[in-house]
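Okay, structure first, notes after.
4 protein chains.
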Amino acid sequence: MTQDPASMLATYTLTLSCPNRPGIVAAIATTLFEADGNITEAQQFDDVETGLFFMRVVFSCRADAERTEWLRARLDAVAARFRISWTLHDRAQRRRVLLMVSKFDHCLVDLLYRWRIGELPMTPTAIVANHPRDTYAHIDMGDIPFHYLPVAQDTKAAQEERLWSLVQQTNSELVVLARYMQVLSDSLSARLSGQCINIHHSFLPGFKGARPYHQAHARGVKLIGATAHYVTADLDEGPIIEQDVERVSHFDTPDDLVRKGRDIERRVLARAVRYHLDDRVILNGHKTVVFGD
Amino acid sequence: MTQDPASMLATYTLTLSCPNRPGIVAAIATTLFEADGNITEAQQFDDVETGLFFMRVVFSCRADAERTEWLRARLDAVAARFRISWTLHDRAQRRRVLLMVSKFDHCLVDLLYRWRIGELPMTPTAIVANHPRDTYAHIDMGDIPFHYLPVAQDTKAAQEERLWSLVQQTNSELVVLARYMQVLSDSLSARLSGQCINIHHSFLPGFKGARPYHQAHARGVKLIGATAHYVTADLDEGPIIEQDVERVSHFDTPDDLVRKGRDIERRVLARAVRYHLDDRVILNGHKTVVFGD
Amino acid sequence: MTQDPASMLATYTLTLSCPNRPGIVAAIATTLFEADGNITEAQQFDDVETGLFFMRVVFSCRADAERTEWLRARLDAVAARFRISWTLHDRAQRRRVLLMVSKFDHCLVDLLYRWRIGELPMTPTAIVANHPRDTYAHIDMGDIPFHYLPVAQDTKAAQEERLWSLVQQTNSELVVLARYMQVLSDSLSARLSGQCINIHHSFLPGFKGARPYHQAHARGVKLIGATAHYVTADLDEGPIIEQDVERVSHFDTPDDLVRKGRDIERRVLARAVRYHLDDRVILNGHKTVVFGD
Amino acid sequence: MTQDPASMLATYTLTLSCPNRPGIVAAIATTLFEADGNITEAQQFDDVETGLFFMRVVFSCRADAERTEWLRARLDAVAARFRISWTLHDRAQRRRVLLMVSKFDHCLVDLLYRWRIGELPMTPTAIVANHPRDTYAHIDMGDIPFHYLPVAQDTKAAQEERLWSLVQQTNSELVVLARYMQVLSDSLSARLSGQCINIHHSFLPGFKGARPYHQAHARGVKLIGATAHYVTADLDEGPIIEQDVERVSHFDTPDDLVRKGRDIERRVLARAVRYHLDDRVILNGHKTVVFGD
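Protein chains in written order, with the UniProt record's numbering: chain R, 1 to 293; chain A, 1 to 293; chain H, 1 to 293; chain E, 1 to 293.
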C-alpha cells in the first residue's frame, strides 16, 4: 500500500519530542525537504506547562537504503542540536504484536477480526493465555502460535520469565493485554514500559477492589466506562491513551453493566492499539499526547 | 395546560415504592379506574436485589375536591395493605424552588432561562448567594427575591439557620445548589434530604481536593464529566440522579476543561431538576430510580 | 435460566397494543394477578396523537400447561373487550433466527459472537449468503447450516422463493439482514413485514445512490451514523428501531468513514436484534415503540 | 492576555491554503523563525483528493509595527512562490460580530452569556431582529445597539439593504444567524460568503419543509441533531462547520424534540462560532477543514 513499485516511494512516520525552542519545525521541515520528502500529515503540540514540544509527521520519499541512511544521519544531527528524541517508521513495516488474554475473549476476538480485515496494521506474533487452548475453541487463530502459560502464586515469577522470553524471541514490539486478568509484576511492567497496552473498566466515581461492575451497580451510577492505558509498575494508573463511556440506568443489572462494559472495552482497546500502531501516541510524563484522526 | 375548563379534568402524577408482592399493580390500576382516571403514562421497576417495587403513573381524572379526597382515601387503604409510600401531585401545581449560587453563575443563568421559556415547571421562591447582588449584575431576576447570605467560618451555623428559615418561610419544596460552593453542614443536609440537588464535576478516575479540573489535566484524562445528585450528610456522595461527559484531549488546557465543564454542568443539572419536578426520580436507598423520558 | 426446577416457575413477556381507554391496565394486571403471576417489569406508552396504547409486561408464574392455557383464554377475553393485539412469549424459548450476509461480514461475526457468549437469546437456524462459503473461511459457524444462494437479475425471483422456503422450513421467526446488500422484492418484504431487520448507514444530510460514504465525505459531514429498521416494501424506509452516530473530521478519508461505519453498524444492529428478541419493540404504524433497557 | 507588556510579545494566528508541493512547511517555518517567532500550535492537512494543503499556525513574536510589516512582506513573497492564500490575525484583536435573531432567542442568550464570561473572544457590534426590542425584554444587551428590521415579502430587498449597510457601518467581520428564521437572498448570501454562520436542525433521514421536528416525530427517528454551516446562496447547504445529535424516544412529543433541539442548537452554534473566531475553520471548496481543539 505504502510501496509504489513504479517510483519506489515509501511513506514514513516521524515522531519526536524535545524541550520547546524556536527553530525546531523549520529544522525538521528543511531536513525533510532536502531529502525530497513530501509532508502529507503533520501535527504538533507545545505543552506550555512542561515546556516540551511534540510532533508527528507523515511524509513520503524515495525508498532506497542510501537515502534513508542519509536522512537518519541528518535527523541525528538536528536531534543533537535540539535534544530531540525521535522515532522513524516505514509505514509498510507492520509492528509485531503479542496478544494476551484470560477467560473473557471479547477484546481478543475483536482485535483479531480487525486485523484480519486489514483495519489494524500489525503482525500478531503470539497469543498467550493463562487458560488452555480449548477455552477459545471457537476462535480461528490461523497461523498465530498459541501459548498456554498458566499462573499460580508461587509460579508467577517463572511464568513471567517465560512470557518475557517469548516477547524477546518473537521480537514483539507491543504487548496488548486484551483482558488479561493477571497483574504484571513491577519488574515486568518496567521492562514493558511504553510497549504494553492494558484495558480496564472505569466509573464515575471510581471503585477499588473486586467485582467493580457490581460496586458501580450498588452505587447507582448512570454512566460506565473503560480506559486503555500504557502499563507501568503502578497498577491501572499508567498514562491514559483512550476512554469512552456508555449510559446505564436503574434497569441495568450487574450483568447488563458487564455486557455494556464489553462493548466499551473492545472499542476503546481497539482505538488505543490503532493509535499506537499508527504512531499517534507520544508519552508526556504520566500523560500522553494522542494525535487523533 | 393540565386544566381543561370544559370537562374540568386535572392531570396527576402518582409515585410509589413498597416491598414487591403480587397484586400491587392490579390494586393501583383498579383504584384509578374506579376514580374514572385515565392512565396516560406508567413506568414500573422491580428491584430484584432489594425486593422493592417502584412505580410512576400519570393519569387524568375529574378535578373536583370530593373526587380527589375520595381517591386519596382509597390510595391510603391500598397503601396500608401493601406498605406503600406514595406521593400524588396535581401537575398544574408548580413546585416552589429556592436557587443557591456562588461566584460562577452559568447554572443559575441556564435554569432561569429554561424556567422563563416554560421548560422547567417551577416557581422560583428565592435566589440565595454568598456574594452580593452586583456580582450578578447582568442577570434579570425579575420578581424573584435575592438574598445575600455571606458565610465565614464562625458565622456558618447562623447563616445556615437563616437559610433554613428562608426555605420554610418561602414554602420551598426543593433547593437547587446551582454551583453553590459552600459545603452544607450535616444537620442542614439531613433536613434537606431528598429535597436538595447539587451538581459537581466528575472524572475517570476521580480526584479529591481542590482544583479538580487541574488535577484531571495533570492526569491526562480523555473525558470529563459532571454528576447531579441529592444532597446527603455525606459530601458529594448522595444518590446520583444524572451524569454526562465530554471528550477532551492533550490540547485542552485546564481553562478549556473548566469551559467544557460548564457546558456539562449546566445540562446535567437542568436535566436532574426537570426529572425531579416531573416526579421522575424515586429514592432507592443510596441510589435513585429515574423514569426517564 | 428462566426455569426454576424447584418451584417450576416460568417467566413470560406479554406485549400488547390497542386503542386507549380507561381500564386496560387494571384488566391486564388483575388477570395476571388471578393467574398468580408476579409482575417484575412493566412499561406502557400512550400515544396521544393516534390514541393507541402500548404495553410490555414481564411476569413469572407457575409453569404448567393448564395454567398457561387458562391464562391465554383469559387474555383472549380481555383482548376482545378492549380490541387488544397481544403476544405472549415464554422467555425460556429462544427465537429462531435466519441470518443473511453479503461480502462484508462484520455484522455477522458480531452477532455470532454475541450469540455464542449468551448475549443474544436466539437459535440461529441458517446463514444465507449470496457469496460462497469460502468467502467466510475464518468464521466458525458451528452447527448452523450455511446456504449459498447467489442472485443475478434474472434469477432473483427464484432465489427469493428458495429463501422464503428456507424461512418456512426452518420455522424462522426473524430474518436479520446483516449487511445483506441485495434489495428484497416488494412481495418478499411484505411477507417478512415486522419479522425482518435491516441495517444501513445514515447521514446528516442523507444521501441517495451508490457509495454513500464517499458522498458523505464529499459533503464534509462531521457525523456519520447507522439505522436499524424493520424491512417494508419501501426500501430503507421501514420503521426505525435504533440509530447511532460517530464523529468524523476532515482527516477521515472515505475508507476511514467505512471503518467507523462498520463499528456503528454492528452495534446498532446488535442492539436492534436484542430489543426484538426481548420483545421490546412494538410497531406503531410507520414508527416503533421501543421499551429500552 | 496575548499582550505581554514586559517583553512586548504578541500572539498571532496564521492560516493558509495552497496547492500541495514539497517545501511549503519548511518555507513557512523558516520565515517565522527568521522573524524570531515561536510556534506554539501548528496543524496541517493535506487533502489528497484535491491536492490542496491547509495549515494553521499559532506563534508569538515581538509586537512592533516594523517587525510585523517585515513579516507580512516575507509571507507575501513565500505566498507568491507557492500560490498560497493566507490570513494573519493578532489574537489580541477581537473580531467584530453582528448577531441576528428571530423569535426564538435561546442561541442569542447563550452566545451573549459566553461572550460576557470571556468564552467567546468577540466584540458584538449589533443585534438585529425582525421582532421589536420588547420581544427580548429579559435579555440584558448592555451597550450593544439593537436594530429592529422587520421584513415582509415586498420589503425584503430594502430590509436586506439596510442590513448590509449595518454590516459595513459597524465593520462587522462575521454575521451569526442565531436562529434568524428569514432566508437570506442569494445576493446577500453571496456578499456574506464565508462570513456568515447559520444553525439549523438536522435529522436522519433529513426532512424538507415546514415544522421539521414534527416531521421527525412522525417518522419515529431515534436521534435528532443540528448543523452549523457557512451561508451560501444554496439554503441550508453551505459548508458544514459542526454537527451534534441527541437521543430521543417514542416518549418524546414534538415539543420534547423542540426542547432537546434547543440544547443541541445552542451548543453546536457556540462551538462553530468559537472555531471561527479562533481561526480554526478554513474553507475547502464545499467543505471545511476544522482544526479542532
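The beta carbon of each residue, even a glycine, is placed where N, CA and C say it ideally should be. Please read all numbers here as calculations on a predicted model, not as lab measurements.
Exercise for the section: Ignore the nearest five residues each way along the sequence and tell me which others in Leu269(A)'s own chain have a CB closer than 6 Å to its CB. Expected result: The residue you call residue 269(A) lines up with position 269 of the second sequence. Contacts found: Cys107, Ile199, Ala228.
- Query: Measuring from the CB of Ser185(A), is there a heavy atom of the ligand ATP at a distance below 8 Å?
  - Reply: The ligand content of the structure shown is nil, which means the ligand ATP is not present either.
Thinking Gly292(E) and Ser249(H) are a contact (beta carbons under 8 Å), I'd like their distance in whole angstroms, please.
-> Working through the fourth sequence from its first residue, we reach residue 292(E) at position 292. Working through the third sequence from its first residue, we reach residue 249(H) at position 249. Contact flag correct, Cβ pair sits at about 7 Å.
Open item on the list: According to DSSP, is His276(A) part of a helix, a strand, or is it coil?
Closed with: In the second sequence, residue 276(A) corresponds to position 276, counting from 1. Looking at His276(A) - three-state DSSP - the assignment turns out to be helix.
Just to confirm the assignment, what range does the beta strand (DSSP E) spanning Thr87(H) have?
As a working note, residue 87(H) is residue 87 in the third sequence. Note, Thr87(H): beta strand (DSSP E), 85-90.
Review point. Any idea if Val183(R) is buried or exposed, counting beta-carbon neighbours within 10 angstroms, 16 or more meaning buried?
Key: The count along the first sequence starts at 1 and reaches residue 183(R) at position 183. Exposed, since its Cβ has fewer than 16 Cβ neighbours within 10 Å.
Proximity of Leu71(R) and Gly37(R) at Cβ, strictly below 9 Å
Mapped onto the first sequence, residue 71(R) falls at position 71. Mapped onto the first sequence, residue 37(R) falls at position 37. Contact: yes.
Taking the alpha-carbon positions, what's the Glu160(R) to Ala129(R) distance? The residue you call residue 160(R) lines up with position 160 of the first sequence. The residue you call residue 129(R) lines up with position 129 of the first sequence. Looking at the two C-alpha atoms, the distance is approximately 12 Å.
- Query: Out of His286(A), Glu49(A), Phe53(A), which has the shortest C-alpha to C-alpha gap to Gln43(A)?
  - Reply: For this step, residue 43(A) is matched to residue 43 along the second sequence. For Gln43(A), the nearest C-alpha among the options comes from Phe53(A).
Selected residue, minimal CA-CA separation from residue 334(E), among Leu277(E), Gln195(E), His131(E), Asp252(E)
With chain E covering only 1 through 293, there is no way to say anything about residue 334(E).
Exercise. Could you tell me how far apart the beta carbons of Leu223(R) and Arg247(R) are, in whole angstroms, since I believe they sit closer than 8 Å?
Key: Taking the first sequence and counting its residues from 1, the one referred to as residue 223(R) is at position 223. Taking the first sequence and counting its residues from 1, the one referred to as residue 247(R) is at position 247. Contact flag correct, Cβ pair sits at about 6 Å.
Q.
Cβ closer than 7 Å: which chain E residues qualify as neighbours of Asp134(A)?
A. On the second sequence, residue 134(A) is found 134 positions in, with the first residue counted as 1. Neighbours of Asp134(A) in chain E, taken as residues at a C-beta separation under 7 Å, are lacking, since the least C-beta distance is about 13 Å.
- prompt: Does Thr40(A) have its Cβ less than 9 Å from a Cβ in chain H?
  reply: Counting from one through the second sequence, the residue named residue 40(A) turns up at place 40. At least one chain H Cβ lies under 9 Å of Thr40(A).
Check whether the Cβ atoms of Asp105(R) and Thr40(E) sit closer than 9 Å, and answer yes or no. Within the first sequence, residue 105(R) is the residue found at index 105, counting from 1. Within the fourth sequence, residue 40(E) is the residue found at index 40, counting from 1. Not closer than 9 Å, so no.
- Message: So Arg116(E) contacts chain A; which residues on that side make the cut at Cβ distance below 8 Å?
- Response: Position 116 of the fourth sequence, counted from the first residue, corresponds to residue 116(E). By Cβ distance, chain A contributes His138.
Query - Where Asp105(H) falls: helix, strand or coil (DSSP) - result: To locate residue 105(H), count along the third sequence from 1; it is residue 105. In the three-state scheme derived from DSSP, where H, G and I count as helix and E and B as strand, Asp105(H) is classed as coil.
ask   = Who are the neighbours of Phe45(H) on chain E, taking C-beta pairs under 7 Å?
value = Residue numbering aside, residue 45(H) sits at position 45 when the third sequence is read from its first letter. Contact annotation for Phe45(H) against chain E: His250, Phe251 [CB-CB distance below 7 Å, chain order].
Name the DSSP bridge partner or partners of Arg62(A)?
On the second sequence, position 62 is the one that residue 62(A) refers to. In the DSSP output, where bridge partners are listed per residue, Arg62(A) has Leu9(A).
**Prompt:** Along the chain, where does the beta strand (DSSP E) that runs through Ser202(R) open and close?
**Reply:** For the purposes of this step, residue 202(R) is taken as the residue at position 202 of the first sequence. From DSSP, the beta strand (DSSP E) with Ser202(R) extends over 196-203.
Of all Cβ atoms in chain E, is any one closer than 9 Å to the Cβ of Ile264(H)?
-> Counting from 1 along the third sequence, the entry for residue 264(H) is found at position 264. No, Ile264(H) does not count as interfacial toward chain E.
Reduced DSSP category for Pro212(E) - H, G, I as helix; E, B as strand; rest coil | Residue numbering aside, residue 212(E) sits at position 212 when the fourth sequence is read from its first letter. The three-state reading of DSSP puts Pro212(E) in helix, counting H, G and I together.
Assuming Arg259(A) and Glu119(E) form a contact by the criterion Cβ under 8 Å, report the distance between their Cβ atoms to the nearest whole angstrom.
Mapped onto the second sequence, residue 259(A) falls at position 259. Mapped onto the fourth sequence, residue 119(E) falls at position 119. Distance from Arg259(A) to Glu119(E) at the Cβ level is roughly 6 Å; contact confirmed, criterion being Cβ atoms closer than 8 Å.
Note to self: By alpha-carbon positions, which one of Val25(E), Phe59(E), Pro19(E), Gly51(E) ends up nearest to Ala35(E)?
What the structure shows: Start at 1 with the first residue of the fourth sequence, and residue 35(E) comes out as number 35. For the set Val25(E), Phe59(E), Pro19(E), Gly51(E), the Cα lying nearest the Cα of Ala35(E) is the one of Phe59(E).
task: Look at the alpha carbon of Gly142(H) and the alpha carbon of Ala157(H), and state the distance between them as a whole number of angstroms.
output: The sequence position of residue 142(H) within the third sequence is 142, counting from 1. The sequence position of residue 157(H) within the third sequence is 157, counting from 1. The alpha-carbon separation between Gly142(H) and Ala157(H) amounts to approximately 30 Å.
- Task: To the nearest angstrom, report how far apart Val245(E) and Thr135(E) are at their CA atoms.
- Result: The count along the fourth sequence starts at 1 and reaches residue 245(E) at position 245. The count along the fourth sequence starts at 1 and reaches residue 135(E) at position 135. Distance between the alpha carbons of Val245(E) and Thr135(E): 29 Å.
Checklist entry - Should Val289(R) and Ser17(R) be called a contact, given that it needs their Cβ atoms to be closer than 9 Å? => result Within the first sequence, residue 289(R) is the residue found at index 289, counting from 1. Within the first sequence, residue 17(R) is the residue found at index 17, counting from 1. Cβ distance < 9 Å, so Val289(R) and Ser17(R) count as in contact.
Quiz item: Are there 16 or more other CB atoms within 10 angstroms of the CB of Thr50(E), so buried, or fewer, so exposed?
Solution: As a working mapping, residue 50(E) is identified with position 50 in the fourth sequence. Thr50(E) should be labelled exposed.
query: From the beta carbon of Arg91(R), is the nearest beta carbon of chain E less than 9 Å away?
result: Locating residue 91(R) in the first sequence gives position 91, counting from the first residue. Closer than 9 Å: no.
| request: Would you mind reading off the limits of the alpha helix (DSSP H) that contains Arg247(R)? | output: Here the question's residue 247(R) lines up with position 247 in the first sequence. Note, Arg247(R): premise wrong, no alpha helix (DSSP H); beta strand (DSSP E) at 240-247.
- [ ] Could you list which residues in chain A have their beta carbon closer than 9 Å to that of Gly292(R), in chain order?
- [x] On the first sequence, residue 292(R) is found 292 positions in, with the first residue counted as 1. Within chain A, the C-beta atoms nearer than 9 Å to that of Gly292(R) come from Ser249, in chain order.
Original post:
Can you give the Cα-Cα distance for Pro19(A) and Thr11(H), rounded to whole angstroms?
Top reply: As a first step, residue 19(A) must be located in the second sequence, where it is residue number 19. As a first step, residue 11(H) must be located in the third sequence, where it is residue number 11. For Pro19(A) and Thr11(H), the distance between alpha carbons rounds to 20 Å.
So, at 7 Å on beta carbons, what are the nonlocal neighbours of Phe202(E) in its own chain, with the 5 sequence-adjacent residues on each side left out?
Here residue 202(E) refers to the residue found at position 202 when the fourth sequence is read from its first residue. Note on residue identity: the sequence assigns Ser, not Phe, to residue 202(E). Cβ neighbours of Ser202(E) within its own chain (closer than 7 Å, five residues either side excluded): Gly225, Ala226, Thr227, Gln243.
Beta carbon proximity, Pro145(R) to chain E, threshold 9 Å: Sequence index remark: in the first sequence, residue 145(R) carries index 145 (1-based). Pro145(R) does not count as touching chain E.
Give the straight-line distance between the Cα atoms of Phe82(A) and Thr13(A), rounded to the nearest whole angstrom.
As a first step, residue 82(A) is located in the second sequence; it is residue number 82 there, counting from the start. As a first step, residue 13(A) is located in the second sequence; it is residue number 13 there, counting from the start. Near 19 Å, if we compare the C-alpha coordinates of Thr13(A) and Phe82(A).
To the nearest angstrom, how far is the alpha carbon of Leu277(E) from that of Glu173(E)?
The count along the fourth sequence starts at 1 and reaches residue 277(E) at position 277. The count along the fourth sequence starts at 1 and reaches residue 173(E) at position 173. Spanning the two alpha carbons is a distance of roughly 10 Å.
What does residue 296(A) touch in chain E if you count any residue whose Cβ is under 9 Å from its own?
-> With chain A covering 1 to 293 only, the question about residue 296(A) has no answer from this structure.
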